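A.B. asks: Chains as they are written, first to last, in our numbering: chain A, 230 to 814; chain B, 283 to 445.
Every residue gets a Cβ at the ideal spot worked out from N, C-alpha and C, and that includes glycine.
Computed from a predicted structure; not experimentally measured.
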Amino acid sequence: MFNPTYIADIQHLETQESMSAELTGAEITVRCLQEEGVEHIFGYPGGAVLFLYDELFKQDKVRHILVRHEQAAVHAADGYARSSNKIGVALVTSGPGVTNAVTGIATAYMDSIPLVIISGQVPTHAIGLDAFQEVDTVGITRPCVKHNFLVKDVTELAATIKKAFYIASTGRPGPVLVDIPKDVSQQKTKFAYPERITMRSYNPNIRGHAGQIKKAVQLILEARRPMIYTGGGVILSNAAARLTELVRLLRFPCTNTLMGLGGYPATDRQFVGMLGMHGTYEANMAMQHCDVLVAVGARFDDRVIGNPKHFYNPDRKIIHIDIDPSSISKRVKVDVPIVGNVSDVLDELIKLLELRKEKPDQSTLDAWWAQIDSWRERDCLRYDRTSAIIKPQMVVETLYKVTNGDAFITSDVGQHQMWAAQFYKFDQPRRWINSGGLGTMGFGLPSAMGVQMANPGAHVACITGEASIQMCIQELSTCKQYHLPLKIINLNNRYMGMVRQWQEFFHGNRYAESYMDALPDFVKLAESYGHVGMRIEQPGDIEAALQEAFKLKGRLVFMDFVTDQTENVFPMVPGGKGLSEMILV
Amino acid sequence: MRHIISLLMENEAGALSRVAGLFSSRGYNIESLTVAATEDSTLSRMTLVTTGSDDVIEQITKQLNKLIEVVKVVDLSEGNHIERELMLIKVRAVDNDREEIKRMADIFRGRIIDVTDKSYTIELTGTGSKLDAFVEAMNRTTILETVRTGASGIGRGERILKV
Ligand SMILES: Cc1cc2nc3c(=O)[nH]c(=O)nc-3n(C[C@H](O)[C@H](O)[C@H](O)COP(=O)(O)OP(=O)(O)OC[C@H]3O[C@@H](n4cnc5c(N)ncnc54)[C@H](O)[C@@H]3O)c2cc1C
Ligand SMILES: Cc1ncc(C[n+]2csc(CCOP(=O)(O)OP(=O)(O)O)c2C)c(N)n1
Ligand SMILES: [Mg+2]
């Protein structure tokens, strides 16, 4: 019965325990971050998080990035996560710190981005007494987090943080908030970071149902007009290579949602462009007229399929792969639901297809491609390349050329976002960083900071508009402090262009409050923050200016492109209309 | 259609507000909601009565399952089940009415649990429609106060909701 190793283990444990002193909640929090391998945390201090900041100060494993507004802290953590497949972490104080962070949290929630947000709270004994800088953080953030916690007992702190990281990054990812009252960050307890955690109430389904996958294979093999439609789930699941393999194997057309760009190489012939409200003619037509639709990590958003009644087609069979059962049959009824992780399910699908050795009928597939090519000939993204005024599309195209298609591109929200999505050809995942679900103006600059932090040395450009950029312009100061050499491409049309476009199309040209009056001189503004500013007014100067900006390796360059005020984004599916009812150039 | 949904969730502060918040933020109907700890004090059992089309009910169960603290969800109305609701009703009881009210309570298998010169308080359990019928029957006298718990439900026979 005597087992010396066993006894030795126990002794080892005991000595460790007796040696380990008690740590404060603040120390524990920082130790947890270290254990999780967190290298960067974006935040802003305040009364309720002073103990936490004190502990951050005393160590150098976790680097704190001081932003200028809590919204930016969360967007930066978000850009960091999107571009790196790590979990983004933000730290904010109670009350206004939290309310400022809410826009960032909701942005990440809508796009399923894994974040852990740590917020300070008033001391437990003051909760509920309208204490100074008290808000019901758990209550305010509940509808826009995957989960949140209020830690009332320091002995639960480490396990709670462990759970937060686990929940944020598994299943359908999302932001998780941990609210830590000030007294909890002061109280002491022994620290032990759990290695792994299991929760009886939370077990995401990873592998798809084998029978359903078989059914999917059968449908795919019988398809005559197939279409593969993929979204953010492919990016989140790191399944771009798997998807590419499948699409090539089948020789099917592939389209990406705005969130899915880079999931399949945009320069490949089988890519038919983005679909949806501002998708290509060929993508939308193929989506509407296909007979077998394979939806992969995409959620049939209203900006994607337009009016679901119009989208409905009794001859079309739909296979839907998604890790979140509630994404399936939410807006569109599907025939073969497969709940699972994209990369696992695609693996299985490819395996089965290879085993079957059959191929879908190649001559009908050729006919389908001929149809798609005729839609392609419509050249729906054409614009006037000879214009004397700068066309925004040309700026994005030139940026693509100058960066060899190899930059990280973040964007804000509006027309410039759509042109960025249409004209920068993303061949790799995690290169296109934008707020799709919430459509948050102000996202572009702070998220670019996070991208640059996660990818030092990489080219990072933020394509923005003169209205959006002003929603987080203060971050130019953060960029200065941390020497972030971002290239800001301001497509300055002196309008809230996207709003103006809707007013032109649907509100009788009445441009109510969509004119950006009293704009700052962006060149001087950039300079006053210690950056380089450029104004570009001639189409002929676009390329040279971009070349020059990217040569300034260590510097942030704010490029103010004076663009055509009247340019619109085409194609466009008006709200409530069907996918094939596009307004074209 | 009316559905009665049962769920088990971690008995933690805030879990109830997550369910309530889900219903209000997604615009689902909620007719009644009851909740209490189970024999396993780490778990709460909730019964929800809601109405909606099949699509909506499907989303409701999926969304409930998605809540991190929810352990299990079952739509009781998909099979045989039993529902009970408790009502306490206080009525004016004077003169001849006293006998009549007592007889009515007996017919509905209610119990008078508190008495004054002028009033009775009656306890009654049953399905929602039985309680409705009793309220209807009491209408001749003056109802002073009613309080109802909302339905609790359980599967019939071997149908068990457990972790
Ligand atoms: C001005 C503006 C215009 C827009 N126009 C368009 C447009 O023209 N076209 C367009 O496409 N979008 C457009 N959008 C974006 C749109 O609002 C949606 O955000 C977007 O279409 C949703 O993309 P998605 O379907 O890929 O879903 P996401 O929001 O990316 O969701 C991902 C899906 O994948 C699932 N998932 C996550 N992880 C995994 C995993 N590991 N395994 C399996 N599944 C997983 C999730 O459960 C979810 O269902 C526009 C937005 C703005 C602001
Ligand atoms: C925070 C926020 N407020 C309002 C909107 C609505 N909105 C969408 S696009 C847009 C205009 C954006 O203008 P600009 O940044 O100049 O971009 P453009 O469309 O001109 O390219 C507005 C106001 C939004 N998306 N986000
Ligand atoms: Mg503009």
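Let me know if residue 528 (chain A) comes out buried or exposed under the rule of 16 or more other beta-carbons within 10 Å of its beta-carbon.
C.D. replies: Buried is the call here.
A.B. asks: Which first and last residues belong to the beta strand (DSSP E) in which residue 708 (chain A) is found?
C.D. replies: Taken as a continuous stretch (DSSP letters only), residue 708 (chain A) belongs to no beta strand (DSSP E), being part of the alpha helix (DSSP H) at 704-710.
A.B. asks: Note down the Cα distance separating residue 343 (chain A) from residue 531 (chain A), rounded to an integer number of angstroms.
C.D. replies: Computed Cα separation, rounded: 23 Å.
A.B. asks: Using only the alpha-carbon positions, how far apart do residue 376 (chain B) and residue 383 (chain B) sit?
C.D. replies: Rounded to the nearest angstrom, the two C-alpha atoms are 10 Å apart.
A.B. asks: Report yes if the C-beta of residue 488 (chain A) is less than 7 Å from at least one heavy atom of ligand 3; otherwise report no.
C.D. replies: Incorrect: residue 488 (chain A) has no Cβ contact closer than 7 Å to ligand 3.
A.B. asks: At the level of alpha carbons, what is the spacing between residue 606 (chain A) and residue 472 (chain A)?
C.D. replies: Looking at the two C-alpha atoms, the distance is approximately 26 Å.
A.B. asks: Pull the bridge partners of residue 637 (chain A) from the DSSP assignment, please.
C.D. replies: The partner list for residue 637 (chain A) (beta bridge, DSSP) reads A:689.
A.B. asks: Taking the C-alpha atoms as reference points, what is the distance between residue 784 (chain A) and residue 328 (chain B)?
C.D. replies: Approximately 58 Å between the Cα atoms of the pair.
A.B. asks: Measure from the C-beta of residue 291 (chain B) to each C-beta in chain A and report whether the shortest distance is under 8 Å.
C.D. replies: Chain A contact via Cβ: present.
A.B. asks: Which value, in whole angstroms, describes the spacing of the CA atoms of residue 320 (chain B) and residue 326 (chain B)?
C.D. replies: Approximately 6 Å between the Cα atoms of the pair.
A.B. asks: Do residue 738 (chain A) and ligand 2 come close, with the Cβ less than 7 Å from some heavy atom?
C.D. replies: False, no ligand heavy atom lies under 7 Å from that Cβ.
A.B. asks: Compare the C-beta of residue 327 (chain B) with all C-beta atoms of chain A and state if any pair is closer than 8 Å.
C.D. replies: No, no contact with chain A.
A.B. asks: May I ask you to check if the CB of residue 663 (chain A) is nearer than 7 Å to at least one heavy atom of ligand 3?
C.D. replies: It does not: the Cβ of residue 663 (chain A) is nowhere closer than 7 Å to a heavy atom of ligand 3.
A.B. asks: So, is the C-beta of residue 367 (chain A) closer than 8 Å to a C-beta in chain B?
C.D. replies: Output row for residue 367 (chain A): interface = yes.
A.B. asks: Which chain B residues are close to residue 660 (chain A), counting only those with a beta carbon under 8 Å from its beta carbon?
C.D. replies: The contacting residues do not exist; residue 660 (chain A) stays about 30 Å from chain B at best.
A.B. asks: Based on Cα-Cα distance, which residue from A:524, A:587, A:591 lies nearest to residue 558 (chain A)?
C.D. replies: Of the candidates A:524, A:587, A:591, the one whose C-alpha sits nearest the C-alpha of residue 558 (chain A) is A:524.
A.B. asks: Cβ-heavy atom distance between residue 746 (chain A) and ligand 2 below 7 Å?
C.D. replies: No, the Cβ of residue 746 (chain A) stays beyond 7 Å of every heavy atom of ligand 2.
A.B. asks: Round the Cβ separation of residue 390 (chain A) and residue 407 (chain A) to the nearest angstrom and send it over; I've been treating them as touching at under 8 Å.
C.D. replies: Between residue 407 (chain A) and residue 390 (chain A) the Cβ distance is about 6 Å, and since that is below 8 Å, they are a contact.
A.B. asks: Do you know whose CA, among A:589, A:428, A:484, A:365, lies nearest residue 445 (chain A)'s CA?
C.D. replies: Among A:589, A:428, A:484, A:365, the Cα nearest to that of residue 445 (chain A) is on A:589.
A.B. asks: Return the chain-ordered ranges of every beta strand (DSSP E) run that is complete within the region 361-427 of chain B and spans a minimum of 3 residues.
C.D. replies: Within the region 361-427 of chain B, the complete beta strand (DSSP E) runs of at least 3 residues are 363-374, 393-397, 401-408.
A.B. asks: List, from N- to C-terminal side, the beta strand (DSSP E) runs of 3 residues or more that fit wholly inside the region 436-509 of chain A.
C.D. replies: Counting whole runs of 3 or more residues, the region 436-509 of chain A contains the beta strand (DSSP E) stretches 455-459, 483-485, 500-503.
A.B. asks: Three or more C-beta pairs under 8 Å: does that hold for the region 686-701 of chain A against the region 711-719 of chain A?
C.D. replies: Contact holds: three or more Cβ-Cβ distances are below 8 Å.
A.B. asks: Where does residue 496 (chain A) land, buried or exposed, given buried means 16+ other C-beta within 10 angstroms?
C.D. replies: Exposed, since its Cβ has fewer than 16 Cβ neighbours within 10 Å.
A.B. asks: For the region 360-372 of chain A and the region 403-419 of chain A, state whether three or more C-beta atom pairs, one from each stretch, are separated by less than 8 Å.
C.D. replies: Result yes; three or more Cβ-Cβ pairs closer than 8 Å.
A.B. asks: Let me check understanding here. Comparing Cα to Cα, which of B:399, B:314, B:388 lies closest to residue 419 (chain B)?
C.D. replies: Comparing Cα positions, the closest option is B:388.
A.B. asks: Mind pulling the chain B residues with CB within less than 7 Å of residue 396 (chain A)?
C.D. replies: The contacting residues are 350.
A.B. asks: What residue from A:572, A:736, A:319, A:510 has the CA that sits closest to residue 190 (chain A)'s CA?
C.D. replies: Given that chain A is displayed from residue 230 to residue 814, the structure contains no residue 190 (chain A) and the question cannot be resolved.
A.B. asks: Keeping to the same chain, check which residues put their C-beta closer than 8 Å to that of residue 805 (chain A); ignore five residues upstream and five downstream.
C.D. replies: Contacts found: 535, 536.
A.B. asks: Drop a sphere of 10 angstroms on the beta-carbon of residue 392 (chain A), count the other beta-carbons inside from all chains shown, and report buried for 16 or more, exposed for fewer.
C.D. replies: Looking at its Cβ environment, which holds 16 or more other Cβ atoms inside 10 Å, residue 392 (chain A) is buried.
A.B. asks: Under 7 Å between beta-carbons, which chain A residues line up against residue 323 (chain B)? List them in chain order, please.
C.D. replies: Correct list: empty, because the minimum Cβ distance to chain A is about 15 Å.
A.B. asks: Which residues of chain A have a Cβ atom closer than 7 Å to the Cβ of residue 307 (chain B), listed in chain order?
C.D. replies: Result: 372.
A.B. asks: Rounded to whole angstroms, what is the Cα-Cα separation between residue 594 (chain A) and residue 629 (chain A)?
C.D. replies: Rounded to the nearest angstrom, the two C-alpha atoms are 32 Å apart.
A.B. asks: Write down the C-beta distance between residue 740 (chain A) and residue 732 (chain A) rounded to the nearest angstrom, noting that I regard them as a contact closer than 8 Å.
C.D. replies: 5 Å between Cβ atoms; contact.
A.B. asks: What does the Cβ neighbour count give for residue 237 (chain A), buried or exposed, with the cut at 16 atoms within 10 Å?
C.D. replies: Confidence is the limiting factor: at residue 237 (chain A) the pLDDT is only 36, short of 50, which leaves the residue's position unreliable, though a coordinate-based value still follows. When all chains shown are included, residue 237 (chain A) counts as exposed.
A.B. asks: At a cut-off of 7 Å, is residue 725 (chain A) close to ligand 3 when judged by its beta-carbon and the heavy atoms of the ligand?
C.D. replies: Within the cutoff, so yes.
A.B. asks: Apart from the five residues just before and just after residue 671 (chain A), which ones in its own chain have a Cβ nearer than 6 Å to its Cβ?
C.D. replies: So the list reads 700, 701, once near-sequence residues are dropped.
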